[in-house]
Each structure stands twice: as C-alpha cells, then as structure tokens.
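J.: Pasting a structure below so you can have a look.
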Amino acid sequence: MPLLIVIPVRNEERRLGPGLARLAESLQAHHCSDAMIVVSDNGSTDWTRAVAIEAAAQNPYRVVYHRATDRADKGEAIFSAWESAPEGYDVLAYCDADMATDPEALVRGYRLISEGQADLVAGSRWHGESQVIGRSWKRSLISAMLSLFWRILPGARLSDPGCGLKLVRRSTFAKLQMPADARGFSFGAEALVRLARAGAKLVEIPVKWTDDDAGRIRLGKAAGDYARAWGRLVWKN
C-alpha cells in the first residue's frame, strides 16, 4: 500500500533540506520503501524550490516539488497535493518540514492504516505516552485550550488538532465533504473530524515532539483558523 507524504512549505529554505534527509533516514530505518514525498509550496519567496529540487537528487525516495498556491495557506498546500496524488498511492499523509514530530510516528500511523486497523491517524502530544520537548508556556496554553474545545466536539474526539502529523486512507479522503474555503492551519484536523463523523475509524497515536518553530508560527492566526473550524463543526456547516 504505497504512501504519499506531503510536506507543506512556505519559505523553508533553511529547514527543508535537513528535514527531508531526516524523513528519508527514518523511512529507511523502519523499512518503509514504497513512499513518495511531495514538497507542497504555499507562497515561498525564498530558495525553497531550489532546495527541494537539490534535495530530490540526493534523496533515496522520489521527491516532487508542487507549487500549490501563492497564498500563505497551509491547508491548501495539503489539500492540493492530496487531491492530485498519482494513482496507486493509497495512504496520504502530511508532516512539517522541521520534523518536529519524530517521523517514526508517521511510519506507525501508516502501518495502522495499511493493516486495516484505522482509516485516519492523528498524532497527539496529549497522549499519555507522548514526549513533548521545549514547548513554550504560550504555545502550551494555546494547545491546551484547543485540546479542551476539540475534545468536546460531538461525533468525533480529537485531542490535539494542532499536531503536524495526520494520515488518511485515500478511499476515505475521497468521501470528504467540507466547505471549499475551509483550509488554513486547521484543514487537517477539520478533515479528520468530518470523516470520523461519517464513519471512518480515527486512531490517535503518541509522538515525540520537539519545538523548533523559531518564532515562525503566527499563533494568533493559527488559533483563529482552529476557532473558525471548530465553529463550523459545531454548527455542522
């Protein structure tokens, strides 16, 4: 069951190369050979494209650069790459360029889906077996508030909507119905909740996560995206 991994990027010239190398190393170490990596760009103005092309020549896996949009929209980068995945890739995933979430968890999630134990997999830093390293008090507070609100959504339980690791069975993703403008940071979390409500089996897994955002994440914008998604899910829009 081939795996397609999307890395959404915007101005990631510094972190993309090391991130791709670390991802490939983890895939090889865990004997995950049938994988393709899509670097999906949502508005880079630096050398991200060049870094992706250079890294592709050195990576043991197939690496493809995809210009999804010129707008700074992480969700659009993920959705566009998932929607345009080549035939035959039956598991769709995404993770962040910095590999803050140890990619070993991605392999575990992939196996859960390929072995029929799940249709959807989400990493959770709030899982009792997770390791969280270096998270600031501000980011911890926002994450805790998000977790509280998303745990009480009717029809599906997602304890860590902001974790940058999510996987979906492609045949399950094909059934996704959500507003065309429902993208942003919250896209992955909203998609999984909607699919779980429709009957797909969602499994949360522990992760090892190390903070490396270097002040890049606009916490206010991200929190706003998640709040709007939560509102759509509550009112079933």
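Numbers in the working numbering are just positions in the sequence shown, counted from 1, shifted up by 192.
Glycine is no exception: its CB is placed at the ideal position from the N, C-alpha and C atoms.
Small disclaimer: the values here were computed from a predicted structure and weren't measured.
Let me confirm a value: E382 is counted as buried when at least 16 other C-beta atoms fall within 10 Å, else exposed. Which label applies?
T.: Buried: at least 16 other Cβ atoms inside 10 Å.
J.: Using three-state DSSP, classify Y281 as helix, strand or coil.
T.: Y281: coil per DSSP, three-state reduction.
J.: What separation, rounded to the nearest whole angstrom, lies between the Cα atoms of G407 and A421?
T.: Because the pLDDT of G407 is 49, which lies under 50, any placement of that residue in the model is unreliable, and the number read from its coordinates should be weighed accordingly. Rounded to the nearest angstrom, the two C-alpha atoms are 24 Å apart.
J.: Between the alpha carbons of S232 and V198, how many angstroms are there, rounded?
T.: For S232 and V198, the distance between alpha carbons rounds to 7 Å.
J.: Which class does E217 belong to by DSSP, given the choice of helix, strand or coil?
T.: Helix, per DSSP.
J.: As a quick exercise: from L350, S328, M228 and W329, pick the residue whose alpha carbon is nearest that of L338.
T.: With distances taken between Cα atoms, L338 lies closest to L350.
J.: According to DSSP, what are the bridge partners of R259?
T.: In DSSP, R259 forms a bridge with D233.
J.: Would you call the stretch 230-248 and the stretch 196-210 touching, i.e. three or more CB-CB distances under 8 Å?
T.: Result yes; three or more Cβ-Cβ pairs closer than 8 Å.
J.: Please confirm whether K367 and A392 have their CB atoms less than 9 Å apart.
T.: In this structure, A392 lies closer than 9 Å to K367 by Cβ.
J.: Using a threshold of 9 Å, state whether the C-beta atoms of D352 and G315 are closer than that.
T.: For D352 and G315, yes; Cβs fall inside 9 Å.
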